[in-house]
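Before any comments, here is the structure.
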Amino acid sequence: MSYQPIENYGVIGDLHTVALVGMNGSIDWLCFPHFDSPSVFAAILDHQKGGYFKIAPVSRDIKYKQFYWPDTNVLITRFFQTDGVGEITDYMTVHESHYREEDYHPHRLIRKVTAVRGAMTFRVECRPAFNYARDEHTSTITAEGAVFHSSILSLGLATRIPLRAEEKGAAAEFTLQQGQSATFSLGEVESGGSCRSCITEEEAQEVFVRTIEFWRGWLAKCTYTGRWREMVRRSALALKLLTFAPTGAIVAAPTASLPETIGGDRNWDYRYTWIRDAAFTLYGFLRIGFTEEAAQFMNWLEARSHELESDDSLQIMYGIDGRHQLTEEVLDHLEGFRGSRPVRIGNAASNQLQLDIYGELLDSVYLFNKYGSLISYELWVYLRRLINYVCNNWHRKDEGIWEVRSDRQHFVYSKLMCWVALDRGLRLAEKRSFPADRSRWLKVRDQIYEEIMRTGWNRERQAFVQYFGSQALDASNLIMPLVFFVSPTDPRMLKTLEAILKSPEKGGLTSNSLVYRYNLEESADGLSGQEGTFNICSFWLVEALTRAGRVDRKHLDRARLIFEQMLGYANHLGLYSEETGPRGEALGNFPQAFTHLALISAAFNLDRTLDSKR
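Take the sequence shown: its position 553, counted from the start at 1, is 553 in the working numbering, and no numbers get skipped.
Take a look at the structure:
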């Protein structure tokens, strides 16, 4: 095996974890049973040691296609050879009990192989590598399939296909005639040895129908009917896959250490939940009708607000179960995707100071109070403490939205979001008549505004810059009109847009609709190497242009063009990683929730603005 491009993968999941399925029929990433559990298959990070579960035709003359069963997260991988067509139907079972952690819900990965036309011979190989390929395990062939035992987890592979032991795993070759199928079910094994999550082929058909009904029933709640309906719905389905059902938390991405540049060291673990994602998550879900998901995530956020540090601060991220400790660790024994070392699990950025998170949190609460349900007084008491923390700390330097590992700075985006925290706090207090130190909050809010306008605006560059005293542009400032800090047609905002829209060769950040976070030559971030363009920044650009386009049609036309161009950088299934590389390849962790949230927001607002301009 060799490494597949990141964009060659599809994803399936059960609202607890996700598996990455390659176009070649190989599952190369699965953490089990939860997103942040140790990996069972991690060939995407080391194709020799990482472990995989591959089913594919033995013929070498094969063409591949992948698509989702309509309106679901059930993935079809189809194989074409000269005298036949075969396919694999991959999914993880989903039940309503998955929403309750106290209920037992078997975690099952089901792979149904079918000869669609003609006869086809397949080879199956299941080679788990437990605990990020650090733990030894035993493989036992049984009458029902195979059982893999490690010190921390045991899995059973159930199938009617006779398997044989092979290199710490199980394998077989089998031939299917047209219309025949074979089912493989991978799941947990109890201490006594029974595989209560394994199922027969007959049961698999019943579970398949229930899984289809679940996804279609969930997606039916989507209220978006605009121009980009298919992409918005696929983004919504991807976001649902990244949701940890028992707590409502959404992971930034289900993978760890996929590189931001091949061979580089910008490799991070994204299997956690960032406070920063809060406003975008709630806004995205509420705008397209998913009020229940917004409420669940709001419950997760409220729980975190009850766990303030001794100085009334929050961490920037938490585990999906709310845990605070996310110790970063390097896995030296894994070579990384195409040699991209180091491979990291955990995330040391959880200990950084990032003052912007309070703005995103307060904005999300404000939006939920406006479009969802009214918040409680008990929550307001905690929010008030956070707002007072902002009043006391907004002037400090921090690591900022991009989590730099260099010196702290007075990042403009951080100051902007501190302004948002105070602004939304004041609005909530006014709307709900909550008790608040209004005079102090108003004074500090206006002080931050004046400071951004005075020090965050660079007269020479004629743009808002990355941090006070900097000459560098930063795409995060595209958020300014989106959070109503400035008018989208304010001369300073239009000049910032104009500066960012220039190509990197001319001092800007935009390369044929693709937007860089910042210029690495101008902005030292404490890391070596290069990176791709950030997909979320491109969608932020679309939104900023859309809002400016309500007055000037040329901006609206450009917003639509950039949006359409960005859709062309999705993979074959409509999924995005964090970044896009110089050849249009996917880079960074995949799929990324932030990008799909930004797509939904951009599509909603662009569609609405285009309708108003008819």
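Glycine is no exception: its CB is placed at the ideal position from the N, C-alpha and C atoms.
These numbers come from a predicted model, not from an experiment.
According to DSSP, residues forming a beta bridge with residue i
| i | result |
| --- | --- |
| A115 | G86 |
| V11 | L20 |
| R108 | G187 |
| S139 | F148 |
| K63 | F80 |
| T121 | T175 |
| V330 | R344 |
| Q409 | D398 |
| A586 | T580 |
| T243 | I250 |
| F464 | W457 |
C-alpha gap between residue i and residue j, whole angstroms
| i | j | result |
| --- | --- | --- |
| F563 | R271 | 28 Å |
| I387 | N131 | 41 Å |
| S476 | G456 | 13 Å |
| W402 | D525 | 9 Å |
| G13 | E167 | 27 Å |
| G263 | V390 | 39 Å |
| W268 | S577 | 13 Å |
| V124 | R60 | 15 Å |
| H107 | V444 | 50 Å |
| L426 | A236 | 32 Å |
| Y377 | S523 | 43 Å |
| R550 | V542 | 13 Å |
| P488 | P481 | 5 Å |
| E399 | V465 | 15 Å |
| Q626 | G226 | What the structure shows of the chain is the stretch from 1 to 614, and residue 626 is not part of that stretch, so it cannot be assessed. |
| A171 | T159 | 11 Å |
| K63 | G179 | 20 Å |
| G187 | T211 | 16 Å |
| P38 | V486 | 45 Å |
| G336 | D437 | 51 Å |
| Q81 | F290 | 42 Å |
| C418 | F468 | 15 Å |
Cβ-based neighbour list, residue i, same chain, cut-off 7 Å, excluding 5 preceding and 5 following
| i | result |
| --- | --- |
| T327 | G346 |
| A294 | L282, F285, L286, F368 and G372 |
| R266 | P259, E260, L527, G529 and E531 |
| G51 | V40, F41, A42, A43, R127, P128, A129 and A133 |
Beta-carbon contacts of residue i that lie in its chain and below 6 Å, excluding the five residues immediately before and after
| i | result |
| --- | --- |
| P276 | In the sequence under discussion, the amino acid at residue 276 is Arg, which differs from the Pro named in the question. The answer, listed in chain order, is I357 and E360. |
| G248 | Q296, F297, N299 and W300 |
| Q4 | G22 |
| N8 | G22 and M23 |
Residues of its chain near residue i, where Cβ-Cβ distance is below 8 Å and the 5 sequence neighbours each way are ignored
| i | result |
| --- | --- |
| V209 | none |
| E545 | In the sequence under discussion, the amino acid at residue 545 is Leu, which differs from the Glu named in the question. Around L545: L497, H555, L556, R558, A559 and I562. |
| H306 | Y382 |
| M231 | L567, A570, G574, L599 and A603 |
| H98 | For H98, the pLDDT reaches just 49, beneath the cut-off of 50, and the residue's location in the model is therefore unreliable, although a value from the coordinates is still provided. Here the set comprises D14, L15, H16, H105, A245 and P246. |
| G322 | T247, A249, W300, A303, R304 and E307 |
| F539 | F563, M566, T595, A598, L599, S601 and A602 |
| Q592 | A252, A253, Y270, N535, I536, Y576, S577 and E578 |
| V147 | S139, T140, S154, L155, G156, L157, V189, G193 and C195 |
| L428 | L362, V365, Y366, N369, I375, W380, L383 and F434 |
Residue i classed as buried or exposed, judged by whether at least 16 other C-beta atoms fall within 10 angstroms
| i | result |
| --- | --- |
| K54 | buried |
| A220 | exposed |
| E430 | exposed |
| E102 | Model confidence at E102 stands at a pLDDT of 49, short of 50, so the residue's coordinates are unreliable; what they give is reported in the following sentence. So E102 counts as exposed. |
| G84 | buried |
| L314 | buried |
| N458 | buried |
| N392 | exposed |
| I110 | buried |
| R396 | exposed |
| P162 | exposed |
| P582 | exposed |
Segment limits, alpha helix (DSSP H) that includes residue i
| i | result |
| --- | --- |
| R517 | From DSSP, R517 is part of no alpha helix (DSSP H); its letter is neither H nor E. |
| F280 | D277 to R287 |
| A133 | F130 to A133 |
| R164 | Where R164 is concerned, there is no enclosing alpha helix (DSSP H), although the beta strand (DSSP E) it sits in stretches over R164 to E166. |
| I536 | N535 to A548 |
| H34 | Looking at the DSSP string, H34 is not in any alpha helix (DSSP H), and its letter there is neither H nor E. |
| F297 | T291 to S305 |
| D611 | A593 to S612 |
Run of the beta strand (DSSP E) containing residue i, from where it starts to where it stops
| i | result |
| --- | --- |
| P57 | Y52 to P57 |
| L157 | S154 to A158 |
| S39 | S39 to F41 |
| C31 | S26 to C31 |
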